[in-house]
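Chains as they are written, first to last, in the working numbering: chain A, 1289 to 1673; chain B, 1289 to 1673; chain C, 1289 to 1673; chain D, 1289 to 1673.
Since the structure comes first, as structure tokens, the remarks are kept for the end.
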């Protein structure tokens, strides 16, 4: 149990700056009170999540949504709040030029512009001390014949190679895949196989990131996690949950058992060991629930799943597996899942000087009332700003 | 063949005013040149689609996107352009009050507001002469436990009953169902069964509308069409196509064989007969392709599928079916599908005094260049306006 | 808590005779040791499940797999073992005549034969005292055009009406729906809406049965449960679980959170109340795990989900829902799910004089060793016998 | 057009010996008249398919279903019938030992047995002159925790390496992937990425085979085809079609447009060029339709899709794509698809001395009546024999 507690204390979950802004569906973005107007306010909110959970010490940025004049100053601001800058997320999907693609666009001019943006993100990594670049390409086509699927792969490879070469010593990029949306017929990086194949060719600084909402129905995500870990190509997670498509609900909200199975494969594959570099990031929206408690709940959900995964009696499991004892092995696995780990985690928090119930503690803190009163006027942050 | 031509000439496909405005995904709406700024300009564009296809004589409105001070004037404007006002589409998903639902919202105040909007739509039907109200509810919940699934049905039933009672003599409403989006856990009208059950209780003026993009993967849409026609409850279609979720691509673009099978069941069930009241409406977006030719192509796709469906040798089919001749029956069916009906439709257009190739004729007309030059300034129409 | 315990004690889960026989996929049926050779031995095995769980007092039969000369004798045998005969399941999919359908077959002769089988099942209900007939039709077509979708509905309605009329006073039938398999293009009762529409027309003795493995990906099953309960048309469940299609795994094994959500809607809708007639039946296979413990585990999984559903603090939930407190309502819901109910259920069993751990108690009993030694020779039961 | 005809004449589609035997679902295998009793009779039936289509000159074997004492004699028999032996398909899913896996089984004894079978298949390749081994592993687990996902990859890699090393100079193996069935929780080779990663490590004699029915809903198969061709790792196809899962219906029957898109990517990627080694194989069942005409129809469906793919005006397409003309590019693509190629193919057949309509010619030939009369008694071939 001491080991489990130590591992849980060492776990580090990154929250995304955009989770604190407004978000929604194509039908409507509902504005909420107290939403940050700039990256400084986003970091302040993220610091609250860390303050109550104790395991969310870094914040991912999204460029250009989090563009500032002085990144060193932003990093300093973060440090003062007790958090640090995490991964830099590129954005090559919101400029009018990208209607038909970014790095895979038929036009060389657009591709140049997109790749330049990616290189700029590496500059920002240098300025902020971030070691991770996250690449998601919305590139794809809506109609059969619209563009050449294969030529787009050539263009993608070319751009990735240029960015890869620009990476500094301690830097890496994570390539994200997604089945569909916003492209609806063919996506240029639709699955882990595509991301993996590109990353293998590029080298060790290129790894795959698994967004838990980016798969076809029925795809076994923990298999992918196990496979990528075995290959040394699992760079990290973008956690969220979904019932249907890429719903971006709070991680663990739709299928907590799946989250447990994923975390078990992480544990099994050594992904929680020091130095493996598996990044545990949230990438989700809070369309209708309040943002900060939404993030706190999400961090707690990952932590609970991790605790359960660590509780699996691996010796008993291995024995049952070796004997081909189907029900016995499954029972060992389910025993851990069915355990209520909330008392253990409350204890852990108290040992660390935190309130045992982060949700209640945040609610009582008055922080929301404060930002709701103070953050009046200005342009609330959202996906478009 | 004469019969087939007559049936094709009588077919009537309604285009939606919102197809002429900008649209997109939650990630980005790409603006296009020449997009209408108001309902009058939308009608002008819709009239082009009818001018070149000859079978798109009505236009659906969306309230409040198409709100005007004088609906009689709008209807007159439409008539002058050679088109008419079709279905009135309600919108209870874009007001800030509707974050947690409209007619199923826990708050009575919000429900009242939503129902009042629906009643206002009936007023607009009266003013424009429209006989059809289309009801789509984005209502639902994102998280298990968020609200009471059953109580929401009670509230839905109550609102529907009030609107039903308000309908005038020649009026009806069509209830639309949708699996998910924007609600991601439970949708209040998720499937045809739910819509059907409510409509049966309400009476003959309530019918189901089938949006071809609103089903779970693998659902057989033509079965639903056949079933609803058999029950006298098929009010019409919202046509579009999809590879994954509710992609809202051009109808027939993703699975033309499915469209043919749907149209075959319509033919089989008498849905093209005069007086059945099955409305053939488009409900789709043109995120990256130009709007007017996107609509022309869509209308042509429905027409081609209809022509093929009419070409099925039903006598031969029935004979093969009765004998249990699996391959023979399938072959009769596929013979019609594999026929190239484009020459027949070109001929039909020419007999009617239209250009044989609507796409080419529109492209040559200079209309796009004209609106691109004229429609400068102002606020382009989109889902939000 | 007293109420909860009383409700749990009153719950009754029916196991299916075919779960004790061999089963498999189209690729292979793996035989297991000790598998019953006849209905008498199946009942003996089912009695074991009841002996250790205390809540599985009835056994569903499948005709003709469980055909015997003297049903009264079989029922007597069951009573002696401490169990009773539950639902009678018809089988109109394994006779060579049914290749193209049973009650929807194009040939009147085959339809007559199929309907006669259903009527024979009612005779067996009379003979065994069973009050429930379960109807599943594998009927459907593999290829577009193969048969007339609509005419098949007419034939289905005709057969159902004849069976309905034959039902005695205290008898009912449950109509099962299934998305696909063994028919691969169009299934004649593919979804709950189809089953519901037929049942509504037939009357109160016809109800819908929800097999948890028979839906398209992403379909919200608890919504259907809530809806059918509201309509008074939920006849019962065929429980099992699945990751992909109709995998027929142990209920609760693939998505225990979904099972909890389903049971919550049952509780919410009064489906556990005395006299509602909602039947909780297992319908699953044990292709690779041993049969009896597979059934014990499954019964326990339903019981655990039921216990959690009963633990939901409905007053707190209603309050949070009324306030539109998304996170609060979800938290109340998840609190119940995250509770480890195994100690409560162990206590309950001990109060009833049962061993606290049914799996361990069965394993220690020596029953498996006994049947493995005794049941040698003869033809093991399976789907085909 | 001359080029197109030449390419079509050179196309070669392999039929599988097991398509001529009985098949079915887990619910029922319906026996048909005239079904072969041994591999010799299967080859005779396959020769009929080639006789009427002219493009099906080889037949895949399945071991042990097609085990014979003298493979040289079987190969000679094939040559006399005008056909040759194609790929050798291994079977490590039907022995009782394989209940929990074959090459990934926890037990070393079972793994040895399974690998030995694969090596035996290479012996049969030597004996028959076959140059292709097809490997499909049904291996996987049904329940979370049942076995160690990662260890199973280690075992898989070990077995594949041993088989790879045994391959002779002109020999290769094709590794097949499948999402699920018969394993229902985690499959050891579930997707193209897994197969690809193993093949890349093994070397040039290991390639991926794409079975068109083995993907999750919504997966874009033509993307995978384009990607694997670009990587030089597309070994071939197992063609069939599906509406839901792995339905194994006739290729082109469920989504002919998808088949066209796949064949377009094959053409685009040079997969029809001489020497690329892309194998076009059928792998499907005829559960309810007659076998030989089912195969003829399937071969014709692939041919029609290929003809349409070859008709795409690639110059016009490239021009529209380069201009970002979404509708224009799609229109060029659809023009080819909408063309009725049946007259062209009839002409082609006549030029080659074949009947223009293979289905009609076969039906008239009397072959079916002959085998139905002659093949009486004995054990009909099926998946189990």
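Ideal Cβ positions, reconstructed from N, Cα and C, are used throughout, including at glycine.
Subject >> Within chain G, the residues that residue 1655 of chain B reaches when beta carbons sit closer than 7 Å >> reply: Checking the listed chains, one finds no chain G in this structure; the protein chains it contains are A, B, C and D.
Subject >> chain D within 8 Å of residue 1533 of chain C, Cβ atoms only >> reply: It does; some Cβ of chain D falls within 8 Å.
Original post:
For residue 1372 of chain D, does the three-state DSSP call read helix, strand or coil?
Top reply: Note: residue 1372 of chain D maps to strand in three-state DSSP.
Original post:
For residue 1622 of chain B, is the classification buried or exposed, using 16 other Cβ atoms within 10 angstroms of its Cβ as the cut-off for buried?
Top reply: Classification for residue 1622 of chain B: buried.
Subject >> When B:1303, B:1451, B:1356 and B:1291 are compared against residue 1568 of chain B, the one with the closest alpha-carbon >> reply: The shortest Cα separation from residue 1568 of chain B among B:1303, B:1451, B:1356 and B:1291 belongs to B:1303.
**OP:** Spell out a yes or no on whether the segment 1325 to 1333 of chain B and the segment 1590 to 1605 of chain B are touching, meaning 3 or more CB-CB pairs, one atom from each, closer than 8 Å.
**Re:** No, the segment 1325 to 1333 of chain B does not touch the segment 1590 to 1605 of chain B.
Subject >> Length-filtered (3 minimum) beta strand (DSSP E) runs lying within the segment 1289 to 1341 of chain B >> reply: Note on the segment 1289 to 1341 of chain B: whole beta strand (DSSP E) runs with a minimum of 3 residues are 1301 to 1304, in chain order.
Subject >> Between the CA atoms of residue 1519 of chain A and residue 1718 of chain A - distance to the nearest angstrom >> reply: The question about residue 1718 of chain A has no answer, for chain A in this structure spans 1289 to 1673.
**OP:** Go ahead and pull the three-state DSSP assignment for residue 1510 of chain B.
**Re:** Residue 1510 of chain B carries a helical assignment under DSSP once its states are collapsed to helix, strand and coil.
Subject >> Per DSSP, the bridge partner or partners of residue 1355 of chain A >> reply: Answer is none; residue 1355 of chain A lacks a bridge partner.
Original post:
With a cut-off of 8 Å, does the C-beta of residue 1575 of chain A fall near any C-beta of chain B?
Top reply: It does; some Cβ of chain B falls within 8 Å.
Subject >> Simplified DSSP state of residue 1577 of chain C, which is helix, strand or coil >> reply: Three-state DSSP puts residue 1577 of chain C in coil, outside helix and strand.
Subject >> chain C within 8 Å of residue 1673 of chain B, Cβ atoms only >> reply: Note that residue 1673 of chain B scores 44 on pLDDT, short of 50, meaning its location in the model is unreliable; the coordinates nonetheless yield the value given after this. By this cut-off, residue 1673 of chain B is not an interface position.
Original post:
Is the shortest distance between the beta-carbon of residue 1513 of chain B and the beta-carbons of chain D less than 8 Å?
Top reply: Judged by the 8 Å Cβ criterion, residue 1513 of chain B is not in contact with chain D.
**OP:** Can you tell me which of the three DSSP states residue 1440 of chain C falls into?
**Re:** Shown here, residue 1440 of chain C sits in a helix according to DSSP, grouped into three states.
**OP:** Keeping to the same chain, check which residues put their C-beta closer than 7 Å to that of residue 1295 of chain C; ignore five residues upstream and five downstream.
**Re:** If we look at residue 1295 of chain C and ignore the five residues flanking it on each side, its Cβ neighbours are 1560 and 1598.
**OP:** Mind reading off the beta-carbon distance from residue 1500 of chain A to residue 1444 of chain A? Whole number of angstroms is fine, and I expect it under 8 Å.
**Re:** So it is not a contact: roughly 23 Å between Cβ atoms.
**OP:** List the residues of chain C that residue 1620 of chain B touches, going by C-beta distances under 8 Å, in chain order.
**Re:** Those within 8 Å of residue 1620 of chain B in chain C are 1433.
Subject >> Nearest to residue 1411 of chain A (by Cα), restricted to the options A:1400, A:1485 and A:1360 >> reply: Of A:1400, A:1485 and A:1360, the residue nearest in Cα terms is A:1360.
Original post:
Which two residues bound the contiguous alpha helix (DSSP H) that contains residue 1609 of chain C?
Top reply: Start and end: 1602 to 1610.
Original post:
Within the present structure, is the beta-carbon of residue 1426 of chain B separated from the nearest heavy atom of the ligand HEM by less than 7 Å?
Top reply: Summarising the ligand content, the structure contains no ligands, and the ligand HEM is consequently not present.
Original post:
How about residue 1617 of chain B and residue 1557 of chain B: do their beta carbons lie closer than 8 Å?
Top reply: Annotated as distal: residue 1617 of chain B and residue 1557 of chain B, with beta-carbon spacing of 8 Å or more.
Subject >> Beta carbon of residue 1452 of chain D nearer than 8 Å to that of residue 1490 of chain D >> reply: It is a contact, given that the beta carbons lie within the stated cut-off.
Subject >> Inter-residue spacing [alpha-carbon to alpha-carbon] between residue 1483 of chain B and residue 1510 of chain D >> reply: Annotation: residue 1483 of chain B to residue 1510 of chain D spans about 36 Å, alpha carbon to alpha carbon.
Subject >> Residues that DSSP places opposite residue 1420 of chain C in a beta bridge >> reply: DSSP lists C:1460 as partners of residue 1420 of chain C.
**OP:** Report the rounded CA-to-CA distance for residue 1619 of chain D versus residue 1603 of chain C, giving the unit in angstroms.
**Re:** Each residue's alpha carbon lies about 59 Å from the other.
Original post:
Does the Cβ-Cβ distance between residue 1575 of chain D and residue 1379 of chain C come in under 8 Å?
Top reply: Cβ distance not < 8 Å, so residue 1575 of chain D and residue 1379 of chain C don't count as in contact.
Subject >> Proximity test, Cβ basis, 8 Å: residue 1541 of chain B and chain A >> reply: Yes, because at least one Cβ of chain A sits closer than 8 Å to the Cβ of residue 1541 of chain B.
Original post:
Measuring CB to CB, does residue 1488 of chain A end up less than 8 Å from residue 1463 of chain A?
Top reply: Contact flag unset, no.
Original post:
Using 8 Å as the limit for Cβ to Cβ distance, is residue 1480 of chain B near chain C?
Top reply: Contact with chain C is found for residue 1480 of chain B, since one of that chain's Cβ atoms lies less than 8 Å from the residue's Cβ.
Original post:
What separation, rounded to the nearest whole angstrom, lies between the Cα atoms of residue 1458 of chain D and residue 1523 of chain D?
Top reply: So the alpha carbons of these two residues sit roughly 14 Å apart.
Original post:
What are the start and end residues of each continuous beta strand (DSSP E) run of 3 or more residues lying completely inside the segment 1546 to 1576 of chain D, in chain order?
Top reply: If we require 3 residues or more, the beta strand (DSSP E) runs fully inside the segment 1546 to 1576 of chain D come out as 1567 to 1570.
**OP:** Take residue 1426 of chain A as the anchor and find which of B:1315, B:1381 and B:1548 has the nearest alpha-carbon.
**Re:** Among B:1315, B:1381 and B:1548, the Cα nearest to that of residue 1426 of chain A belongs to B:1315.
Original post:
Within the chosen definition, does the segment 1583 to 1596 of chain B reach the segment 1523 to 1541 of chain B through at least 3 CB pairs nearer than 8 Å?
Top reply: Between the segment 1583 to 1596 of chain B and the segment 1523 to 1541 of chain B, the count of C-beta pairs closer than 8 Å reaches three or more; the two stretches touch.
**OP:** Mind reading off the beta-carbon distance from residue 1611 of chain B to residue 1437 of chain C? Whole number of angstroms is fine, and I expect it under 8 Å.
**Re:** Not really, about 18 Å apart at Cβ, beyond 8 Å.
Subject >> Proximity of residue 1373 of chain B and residue 1341 of chain B at Cβ, strictly below 8 Å >> reply: 8 Å or more divides the Cβ of residue 1373 of chain B from the Cβ of residue 1341 of chain B.
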